[in-house]
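Contents: one structure, followed by commentary.
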Amino acid sequence: MQIFRYIVARCLHAVPVLLGVTIVVFLSIHLVPGDPIRIMMHGRIADSEVAKIYHDLGMDRPILLQYVVFLKNALVGDLGMSLIQKAPVAVLVVEKLWPTLMLLAFSTALSILIAVPLSLLAAFRRNTWLDTAIRLGSIFGFAMPSYWIGLLLMLFFGLLLGWLPISGLGDTPLDQLRHLFMPSLTIAFFLAPILLQSLRSAMLDVLTSEHIEVARAKGLSEWRILIKHVLRNAMIPVITVLAVNISWLLSGAVVVEYVFGLPGLGSLLVRSVGYRDYPLIQGLAFVFGVLVVIVNLLADLSYMLIDRRVLRS
Amino acid sequence: MAAVAEERQTTRRNPLLRELGSWSSSLKCGAAITLLIVLAAVFAPWIAPYDPNAQDFEALLMPPGWPHLFGTDSLGRDIFSRVLYGARIDLVIGFFTTYVPMTYGVVLGAYAGYKGGWFDAVLMRIIDVAMAFPFLVLIIVILAILGPGIQNIYISVFILAWTMYARLARAEMLVERTKDYMTAVKVLGFPQRRIILRHGLPNVINSSIVFSASDFVLNILLVSGLSFLGLGVQPPLPEWGAMIAEGRDFIRDAWWMATMPGFAILATGVGLALIGDGLAQRLGERHHTTV
Amino acid sequence: MLDKRRLIFAALVLSTALGGASIAASAEDVKRGGTLTVARPEEALTFEPFTPSDNGSIYNIMQICEPLIVADATGKGLEPSLAESWTASADGLTYDFKLRPGVRFSNGKPLTVEDAIFSLQKVADPKASFGFAFDAVKAFDKVDDSTLRITMKRPYATLESALSLFAASIVSKADYEKDPAAFGQKPVCTGAFQVESYERGTQVVLVPNPNYWRKGVDGKPLPYLDKVVLKYVPESNSRVLGLQNGDFDVALVVPLNQANSVKAMDGVSLEVSPSYRLDYVFLNHGKKPFDDKRMRMAVNYAANRDAIMKAVYFGFGEQPNSYMPKVNFWSDKVAKIPYDIEKAKALVKEAGYDGTPIQLMVDTGNAPFRTAATILQQGWQQAGLKVEIVEYDSGTAFSMAQKGEYQAYVSYITSDINDDDELASIQADGTGPTAAFFSNYKNEEVTKLLAQAREVGDKAKRAELYGKVQDIVYNDAYSVPLNFLPYVNGYNNKVKNWHTITVGWWWLRDVWLDK
Numbered sequence: 001m002q003i004f005r006y007i008v009a010r011c012l013h014a015v016p017v018l019l020g021v022t023i024v025v026f027l028s029i030h031l032v033p034g035d036p037i038r039i040m041m042h043g044r045i046a047d048s049e050v051a052k053i054y055h056d057l058g059m060d061r062p063i064l065l066q067y068v069v070f071l072k073n074a075l076v077g078d079l080g081m082s083l084i085q086k087a088p089v090a091v092l093v094v095e096k097l098w099p100t101l102m103l104l105a106f107s108t109a110l111s112i113l114i115a116v117p118l119s120l121l122a123a124f125r126r127n128t129w130l131d132t133a134i135r136l137g138s139i140f141g142f143a144m145p146s147y148w149i150g151l152l153l154m155l156f157f158g159l160l161l162g163w164l165p166i167s168g169l170g171d172t173p174l175d176q177l178r179h180l181f182m183p184s185l186t187i188a189f190f191l192a193p194i195l196l197q198s199l200r201s202a203m204l205d206v207l208t209s210e211h212i213e214v215a216r217a218k219g220l221s222e223w224r225i226l227i228k229h230v231l232r233n234a235m236i237p238v239i240t241v242l243a244v245n246i247s248w249l250l251s252g253a254v255v256v257e258y259v260f261g262l263p264g265l266g267s268l269l270v271r272s273v274g275y276r277d278y279p280l281i282q283g284l285a286f287v288f289g290v291l292v293v294i295v296n297l298l299a300d301l302s303y304m305l306i307d308r309r310v311l312r313s
Numbered sequence: 001m002a003a004v005a006e007e008r009q010t011t012r013r014n015p016l017l018r019e020l021g022s023w024s025s026s027l028k029c030g031a032a033i034t035l036l037i038v039l040a041a042v043f044a045p046w047i048a049p050y051d052p053n054a055q056d057f058e059a060l061l062m063p064p065g066w067p068h069l070f071g072t073d074s075l076g077r078d079i080f081s082r083v084l085y086g087a088r089i090d091l092v093i094g095f096f097t098t099y100v101p102m103t104y105g106v107v108l109g110a111y112a113g114y115k116g117g118w119f120d121a122v123l124m125r126i127i128d129v130a131m132a133f134p135f136l137v138l139i140i141v142i143l144a145i146l147g148p149g150i151q152n153i154y155i156s157v158f159i160l161a162w163t164m165y166a167r168l169a170r171a172e173m174l175v176e177r178t179k180d181y182m183t184a185v186k187v188l189g190f191p192q193r194r195i196i197l198r199h200g201l202p203n204v205i206n207s208s209i210v211f212s213a214s215d216f217v218l219n220i221l222l223v224s225g226l227s228f229l230g231l232g233v234q235p236p237l238p239e240w241g242a243m244i245a246e247g248r249d250f251i252r253d254a255w256w257m258a259t260m261p262g263f264a265i266l267a268t269g270v271g272l273a274l275i276g277d278g279l280a281q282r283l284g285e286r287h288h289t290t291v
Numbered sequence: 001m002l003d004k005r006r007l008i009f010a011a012l013v014l015s016t017a018l019g020g021a022s023i024a025a026s027a028e029d030v031k032r033g034g035t036l037t038v039a040r041p042e043e044a045l046t047f048e049p050f051t052p053s054d055n056g057s058i059y060n061i062m063q064i065c066e067p068l069i070v071a072d073a074t075g076k077g078l079e080p081s082l083a084e085s086w087t088a089s090a091d092g093l094t095y096d097f098k099l100r101p102g103v104r105f106s107n108g109k110p111l112t113v114e115d116a117i118f119s120l121q122k123v124a125d126p127k128a129s130f131g132f133a134f135d136a137v138k139a140f141d142k143v144d145d146s147t148l149r150i151t152m153k154r155p156y157a158t159l160e161s162a163l164s165l166f167a168a169s170i171v172s173k174a175d176y177e178k179d180p181a182a183f184g185q186k187p188v189c190t191g192a193f194q195v196e197s198y199e200r201g202t203q204v205v206l207v208p209n210p211n212y213w214r215k216g217v218d219g220k221p222l223p224y225l226d227k228v229v230l231k232y233v234p235e236s237n238s239r240v241l242g243l244q245n246g247d248f249d250v251a252l253v254v255p256l257n258q259a260n261s262v263k264a265m266d267g268v269s270l271e272v273s274p275s276y277r278l279d280y281v282f283l284n285h286g287k288k289p290f291d292d293k294r295m296r297m298a299v300n301y302a303a304n305r306d307a308i309m310k311a312v313y314f315g316f317g318e319q320p321n322s323y324m325p326k327v328n329f330w331s332d333k334v335a336k337i338p339y340d341i342e343k344a345k346a347l348v349k350e351a352g353y354d355g356t357p358i359q360l361m362v363d364t365g366n367a368p369f370r371t372a373a374t375i376l377q378q379g380w381q382q383a384g385l386k387v388e389i390v391e392y393d394s395g396t397a398f399s400m401a402q403k404g405e406y407q408a409y410v411s412y413i414t415s416d417i418n419d420d421d422e423l424a425s426i427q428a429d430g431t432g433p434t435a436a437f438f439s440n441y442k443n444e445e446v447t448k449l450l451a452q453a454r455e456v457g458d459k460a461k462r463a464e465l466y467g468k469v470q471d472i473v474y475n476d477a478y479s480v481p482l483n484f485l486p487y488v489n490g491y492n493n494k495v496k497n498w499h500t501i502t503v504g505w506w507w508l509r510d511v512w513l514d515k
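Heads up: the protein sequence lines correspond to chains A, B and C, in order. Counted from 1, the first sequence has number 130 at position 130 by full-length UniProt numbering; the numbering is strictly sequential. Counted from 1, the second sequence has number 161 at position 161 by full-length UniProt numbering; the numbering is strictly sequential. Counted from 1, the third sequence has number 308 at position 308 by full-length UniProt numbering; the numbering is strictly sequential.
Given below as structure tokens:
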């Protein structure tokens, strides 16, 4: 029962945030100084057409009513029409959602693969040169501009060695993985250090906790303790850190998609800024906001589930 | 804290040396690197062997060597000199985009944490919403509205970046306000403003200071990233991210154009991150790298 | 690399195929079949022919849809396309177009007069993007099942060119009306190819229109290819790399700094083909300080064009001696303004420049133009001017130029017509609707010469008049011309009959693969 209440509470908590997201997104086009349509169409448009577009967009109605309409439409997935691409924003966004989600999944997996063993090593050999080296390495990873790392990877693996494609997204699933490898690695360069740091301290916490002392007293080897008790408990920080960093991760994806010419939400955003396609920019901001809220909600819920199991064990 | 105090009592040397002696190695390394870069920025006009904007069409795309340490770019400009001058731009923008929002972010957060009530509730909702967006996405949306450029980057960061500080300060204040000394000053009838600013702030600011070091790194990455996307600092200003963007087209035949400014960002980032690391250990805080 | 801005005025066009004169291939030479993969820097936004003004869309539409008239193979005149023949009344007010018999759309439906009327009414709608080109048209009517009549409000010599516009393509009325949005994704036209699939921002796949009417040299219907994949590859390094390792058969717009390494690649050819394009710095004569001819001359003397040719164009192109692209009546007799900083300094002093910074405008993200601006900035500063480079996204920058809210703007112009008249009038005639293409240039003598040239039929006489105009306008320091820029593309040697025509696109219908 308590769990049910918790779930409801978390969901309810997300509602005002989502409302806030819609307000920000809605206002974005209204805050454009001057005449957004004319700016968007580069002034190459007749007055009657401008009026018609404003009318079609419903921008000649009272602002509160416009917001209500916007909200109602957004609820049913109608995000308006892209003025440059002449297609519904929702369709454009859904088309580009897949590469972005794949990139996120792949880079998260890669980061976990890098961070978990290294943090284990660092925690186990804490305060040795190895620990210091890993910590220093993660500071380097954190301080590197992702677009720069992307370019360097492109130069080495793509242009000099010719092993990997340097841009675009392939056709077959296997080809797509090949195309996604370098972009994902680029993201892992800054995501893995963040994971690593939290994992290391979480593991140290567990290592010094009481039931580990008990396990130690039982004569279990350090490695077995690490793998059996610590790694399992490390699930929680991984999820929390990933959830907290989802917005950061998405920010990274925008830049990385642009560098590698991946046809995802991020490169669509950068391009639509170039075209000044405000409905599309609005729609993308909305989707990014909703993505973050959903991921946080899921993390909250899964955290609770794991937490329960942790409590029970 | 106890250990630090003990150490202080036992060391009887010059106070400055004593202070330095108590620094951890990451703090020392970080401070040294950062100091070096700050000095390079300040003394750029004296160190730089060339005018950063002087074009030389007899020396286009020269590889690193002598006399062009880092090589030259597609206009024959000396990349080493440009990187030095670039430090001025990136450090200044990084500094202001970090510490201006921190100032009012901490005050707002501390106030909300102390007062609670509707102010706290509204502030937290605003922060929740701001944090629901990927930071870069919101900045890009604001820049799409205002147009690219340094000035508009300042505006958009000032609108958004205070939220993290407000959240940190508020969380600390919630703990501080229950402590004895706070109750004491309250009982003594000190005015609220004085309680928050004089007594609360010094105690809640630590986590923000620690965070600010990594935030500084993140802001330099952000600004150079925006410039790389063509939304930030505009060439021919020698901003590091913009220089990398210029080098992108030449990565095949002149790798140094994009590589050298990247090392500058990396060095600055590592220096500041080490400081943050050291401060975190020293102030007993957990290292925050999250946004 | 350089996004080509289609100027609405230049679009009042004759879509000439000058460079497209196909190399005569005998029947046994030509091989059929195969897939051609082309990497393009521009994105296709739509296939709806009536509205686009971006090359990403237009070049594709040219492969899929056809107008009534197109340019002939030599580019010197027009050639019947969907109209088999046409006649004009003596007063120039009535035109009768006879449709080519037996033409069918890609879905098998026959082409009718109704389709033609519907399409032309769409493009001629005054509110449509290209409606201005049909301003003089009064009505489109059906005479009989194969004849279309166009009635004019007044005689209009450029009607035939207007009809050859991509926007005047004939579409299937029934399919368009059924769902215009779906039509924009999968058009039903009569061209050599049809759309098999369209992934926005990724690629377009074209397959032959089985009902295409034109025949190849082997006597069978065109096209020769089985399939064409037009990939959107904005990253220039990727295009070159893909060409090198064989992923792409053709890489369009090779970055000039890599052109020579592309040339050196095994099995790859570099195409450098002339274009009707001039890169130049727009100067606003209506604003200080460029209202003063001495200042305009000064910035010309202080333009280091050798450096620009070296650092921006890597030797590709030709330093211009004209204010407009190198079209048919271009004269080589006009002497170039030399690079002379001392002269520039003297002129700046003489003009009494007050030190107000000059804003040199560039499109955001246009690296070559930004580099050119940076070189100009250095030269102009040496001449004693203060110069700031300001960047705006291309749309904003262009609309500022249109409104005359600029001082200097690094941009370009392209002509889609091989005759000087259109562009010379647009650029140099101060009485025209664009204020001499946003320069606010006014010269009565030029206006008179242009009017005269328009009436004269004799070619030699016209050449003389246009040469005079070129001389006067160029030496009035109308602008700061930078380069006659060619198209530079790379293609695999197995690709045969590949030609970029002067207006920028290519006829995929004539291309074949030697496997």
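The beta-carbon is built from N, C-alpha and C at its ideal position, and this holds for glycine as well. Note that the coordinates shown come from a computational prediction; the quantities given were computed from them, not determined experimentally.
For the pair B/Leu222 and B/Ile126, the Cα-to-Cα distance works out to about 22 Å. Val233, Pro234, Glu235, Asn237, Ser238, Leu241, Asn245: these are the residues of the stretch 228-256 of chain C whose beta carbon lies less than 7 Å from some beta carbon of chain A, given in chain order.
Listed in chain order, the non-local C-beta contacts of C/Gly315 below 7 Å within the same chain comprise Met309, local neighbours out to five positions each way being set aside.
Separation of C/Arg100 and A/Ser251 (C-alpha to C-alpha, rounded to the nearest whole angstrom) is 56 Å. C/Asn300 has no beta-bridge partner at all, per DSSP. Secondary structure remark: continuous alpha helix (DSSP H) runs of at least 4 residues inside the stretch 121-153 of chain B, in chain order: 135-146. Cβ-Cβ separation between C/Leu163 and C/Ile69: approximately 5 Å, consistent with a contact (criterion under 8 Å). Listed along chain B are Phe57, Leu60, each with a C-beta nearer than 8 Å to that of C/Lys310.
Shown here for A/Leu153: same chain residues with a beta carbon closer than 7 Å to its own, the five before and five after excluded, namely Met182, Leu185, Thr186 in chain order. Here C/Phe105 really is in contact with C/Val188; their C-beta atoms are around 5 Å apart, less than 8 Å. Taken in chain order, the members of the stretch 72-105 of chain A whose beta-carbon sits within less than 8 Å of a beta-carbon on chain C are Ile84, Gln85, Lys86, Ala87, Leu92, Glu95, Lys96. If you draw a 10 Å sphere on the C-beta of C/Lys127, you find fewer than 16 other C-beta atoms in it, and that means exposed.
For C/Arg32, no alpha helix (DSSP H) segment is defined, and its DSSP state is neither H nor E. Using a 10 angstroms sphere on the CB of C/Pro325, the tally of other CB atoms reaches 16 or more, which defines it as buried. Taking the C-beta atoms as reference points, A/Ala122 is found no nearer than 9 Å to A/Leu113.
The residue among C/Gly34, C/Ala116, C/Tyr466, C/Glu444 with its C-alpha nearest the C-alpha of C/Leu225 is C/Gly34. In the three-state reduction of the DSSP assignment, C/Met361 falls in the strand class.
At a cut-off of 9 Å between beta-carbon atoms, B/Phe95 makes no contact with chain A.
Using a CB distance cut-off of 9 Å, C/Asp393 counts as an interface residue toward chain A.
By the rule that beta-carbons nearer than 9 Å mark a contact, C/Arg200 touches chain A.
A/Tyr67 sits in a helix when the DSSP states are folded into three classes.
For A/Leu268, the nearest CB of chain C lies under 9 Å from its own CB, placing it at the interface with that chain. From the beta-carbon of B/Arg248, the residues of chain A found nearer than 8 Å are Leu151. Just measuring C-alpha positions, the residue of C/Glu114, C/Ala408, C/Ser331 sitting nearest C/Pro357 is C/Ala408. Using a CB distance below 8 Å, the part of the stretch 343-366 of chain C facing chain B consists of Thr364, Gly365, ordered along the chain. Under the DSSP assignment, A/Val270 falls in the alpha helix (DSSP H) whose first and last residues are 265-275. C/Gln203 carries a strand assignment under DSSP once its states are collapsed to helix, strand and coil.
Residues of the stretch 205-227 of chain B whose Cβ lies closer than 9 Å to any Cβ of chain C: none.
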